[in-house]
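Written below as structure tokens is the structure these notes are about.
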Amino acid sequence: MNTIKYLTIIILAFLSVQCCEKNIQGNEKRITIDLEERTETSVFDLTDSITVVPLHTSDSCLIATINQIEKKKDTLYIYDMLQSAFFCFKTNGSYLFKISDKGNGPEEYQHIEHFSVSETGEIFLLEPWGNIYQYSNKGVFKQKIKLPHVLESYNEIYVRGNSIIIISVSGDILYYSLSDGTYQCFHLYERMNAFFPIKRTSIYNDSIMNVSLFDNQIYKITQEGLIPSWSWDFKDNNNSEQNIKKLTSRITYNPNDKSVLTDYVGKGKPLKQFIYTSCESNRFKIALMEYNNSFLHVFHDKTNHKNWVFKRTKENTIFHTCTYTDNTFIYYDQPFTRGWRNLTCITEEILGEKYNVYTNLKNDSDSNPTVILFHLKE
Numbered sequence: 008m009n010t011i012k013y014l015t016i017i018i019l020a021f022l023s024v025q026c027c028e029k030n031i032q033g034n035e036k037r038i039t040i041d042l043e044e045r046t047e048t049s050v051f052d053l054t055d056s057i058t059v060v061p062l063h064t065s066d067s068c069l070i071a072t073i074n075q076i077e078k079k080k081d082t083l084y085i086y087d088m089l090q091s092a093f094f095c096f097k098t099n100g101s102y103l104f105k106i107s108d109k110g111n112g113p114e115e116y117q118h119i120e121h122f123s124v125s126e127t128g129e130i131f132l133l134e135p136w137g138n139i140y141q142y143s144n145k146g147v148f149k150q151k152i153k154l155p156h157v158l159e160s161y162n163e164i165y166v167r168g169n170s171i172i173i174i175s176v177s178g179d180i181l182y183y184s185l186s187d188g189t190y191q192c193f194h195l196y197e198r199m200n201a202f203f204p205i206k207r208t209s210i211y212n213d214s215i216m217n218v219s220l221f222d223n224q225i226y227k228i229t230q231e232g233l234i235p236s237w238s239w240d241f242k243d244n245n246n247s248e249q250n251i252k253k254l255t256s257r258i259t260y261n262p263n264d265k266s267v268l269t270d271y272v273g274k275g276k277p278l279k280q281f282i283y284t285s286c287e288s289n290r291f292k293i294a295l296m297e298y299n300n301s302f303l304h305v306f307h308d309k310t311n312h313k314n315w316v317f318k319r320t321k322e323n324t325i326f327h328t329c330t331y332t333d334n335t336f337i338y339y340d341q342p343f344t345r346g347w348r349n350l351t352c353i354t355e356e357i358l359g360e361k362y363n364v365y366t367n368l369k370n371d372s373d374s375n376p377t378v379i380l381f382h383l384k385e
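Residue numbering for the sequence shown is 8 to 385, as defined by our numbering.
This is the structure in structure tokens:
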């Protein structure tokens with residue numbers, strides 16, 4: 008009898024330790040990274056698989072250019088700004104439907120700035136002057152939502168449940184409730200040349216997250232405002248409060264200023280590093296950064312606390328030209344990404360036999376763009 012009692016105590020203690028470990032893994036408030044401690048990293052250390060998606064091509068679904076792409080489960084959502092058209096495909100490339108409602112009618116939009124897809128697949132198209140066009144998961148128009156005129160411009164939209172988050176290039180956030188139309192406005196930071204508040208927001212599970220400009224803090228956007236969630240700690244390479252204050256007081260918004268971000272980040276410059284994107288998958292916390300005049304990747308494995316810090320993978324791949332969504336990095340050819348740096352993402356080494364399929368599709372001027380999915384490890 009005593010043996011059974013002691014065995015029960017041991018099992019309960021073991022389960023308690025396991026639960027504590029899981030809670031620690033899932034609730035790390037500060038991720039400490041040495042940016043100089045580099046890790047030889049393969050794409051396959053981070054991904055389970057890579058999918059080449061040959062989007063179906065026909066007159067009814069011909070895409071001129073991809074301006075925004077999102078993935079939800081087995082569905083891809085694509086906005087083509089040149090045509091003011093929204094396309095929906097399966098991740099195997101099969102075509103589902105198209106929204107092309109540009110016009111001056113009551114159920115028609117004039118220009119779409121950004122879109123978001125809800126958990127149930129409903130589509131929300133945002134006009135920059137504050138109108139939202141809501142469609143069902145089959146592409147059927149449902150309603151036009153007129154947002155309150157409280158922002159300088161309406162540049163990004165994120166939808167979760169009954170909550171709509173709008174980000175303005177002016178540095179402000181609008182929280183809007185779909186259920187009752189109530190709203191709150193929050194100020195993110197001052198508008199500055201080269202540093203913009205857009206493309207700094209991501210979705211993780213049911214939360215809408217935003218990374219601060221300079222101090223590596225990750226916030227959850229809620230009805231009450233920005234709630235600190237967790238942060239990156241780059242030790243000696245954190246940006247000092249003194250330098251941040253000097254920078255923000257010096258850079259005021261001037262539309263004629265031609266400065267770029269790299270004028271302010273690097274050795275001998277105000278900022279030691281800058282996070283372009285911070286996102287979170289089921290397994291990783293990720294930062295895509297600017298550091299020492301180069302792109303840098305940081306992947307923190309939440310299951311074993313291992314850190315992967317690298318400029319490029321062993322296969323010569325970078326993820327800075329990809330879009331992150333739904334546990335997946337999505338790559339598609341973008342003409343504007345060609346610059347003074349080597350921005351290679353797709354190589355024969357990572358695609359293997361699929362590389363010929365990719366190059367043939369890429370070189371076929373009559374076919375739709377080819378999309379490549381990097382499925383991160385779970």
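From the three backbone atoms N, C-alpha and C, an ideal C-beta is built for every residue, glycine too.
| Item | Value |
| --- | --- |
| Pairwise C-alpha distance: T229 and E385 | 27 angstroms |
| For P376 and L62, believed in contact at Cβ under 8 angstroms, the rounded distance | 7 angstroms |
| Buried or exposed (CB count within 10 angstroms, at least 16 for buried), R348 | exposed |
| Continuous beta strand (DSSP E) assignments of at least 3 residues falling wholly in the segment 229–281 | 232–240 |
| Given R290 as reference, the closest of F306, D222, F326 once Cα atoms are compared | F306 |
| Alpha helix (DSSP H) segment containing E355, residue limits | 355–358 |
| Assumed close pair I172, Y161 - CB separation to whole angstroms, cut-off 8 angstroms | Not quite, the Cβ-Cβ distance comes to about 11 angstroms (not below 8 angstroms), so this is no contact. |
| Residues bridged to K206 (per DSSP) | Bridge partners of K206: none, in fact. |
| Cβ pair L158, L181 closer than 7 angstroms | yes |
| When N200, Q75, W237, G232 are compared against N223, the one with the closest alpha-carbon | W237 |
| 4-residue-minimum alpha helix (DSSP H) runs that sit fully inside the segment 145–193, ordered along the chain | none |
| Residues of its chain near I130, where Cβ-Cβ distance is below 6 angstroms and the 5 sequence neighbours each way are ignored | V124, Y142 |
| Between the CA atoms of D373 and Y438 - distance to the nearest angstrom | This structure leaves residue 438 out entirely; the chain is present only between 8 and 385. |
| Status (buried if at least 16 other CB within 10 Å, exposed otherwise) for G275 | exposed |
| Whole-angstrom C-beta distance between S301 and K321, which should lie under 8 angstroms | Wrong, their Cβ atoms sit about 17 angstroms apart, outside the cutoff. |
| Closest Cα partner of T54 within the set S288, Y339, E297, K369 | S288 |
| Distance, I325 Cα to H382 Cα | 15 angstroms |
| N30, buried or exposed, once every other Cβ within 10 Å from all chains shown has been counted against 16 | Its pLDDT being 40, under 50, N30 is placed unreliably by the model, and nothing is read from it. |
| G33 - DSSP class collapsed to helix/strand/coil | Any answer about G33 is weak, because its pLDDT of 47 lies below 50 and its placement is not dependable; what the coordinates show is given next. In this structure, G33 counts as helix in the three-state DSSP scheme. |
| Anticipated Cβ contact below 8 angstroms, R167 with D213, distance rounded | 6 angstroms |
| Other residues of its chain near L368: CB distance less than 7 angstroms, five sequence neighbours each side excluded | P61, S374, T377 |
| Unbroken alpha helix (DSSP H) run spanning K386, endpoints | Past the boundaries of the shown model lies residue 386; the chain is included only from 8 to 385, so the question cannot be answered. |
| The beta strand (DSSP E) enclosing L132, as first and last residue numbers | 130–133 |
| Own chain residues within Cβ distance below 7 angstroms of D371, not counting five before or after | none |
| Where the beta strand (DSSP E) containing F104 begins and where it ends | 102–106 |
| Same chain only: Cβ atoms within 6 angstroms of T330, ignoring 5 sequence neighbours per side | I76, I337 |
| Beta-bridge pairing of S143 - partner residues as DSSP gives them | Looking at the DSSP assignment, S143 forms no beta bridge with any residue, so it has no partner. |
| Whole-angstrom C-beta distance between C286 and S209, which should lie under 8 angstroms | 4 angstroms |
| Residue range of the unbroken alpha helix (DSSP H) whose run includes F51 | 50–53 |
| C68 in three-state terms, based on DSSP | helix |
| Enclosing beta strand (DSSP E) for E297 [first to last residue] | 291–298 |
| The beta strand (DSSP E) enclosing T330, as first and last residue numbers | 330–332 |
| Cβ-Cβ distance between F193 and G137 below 7 angstroms | no |
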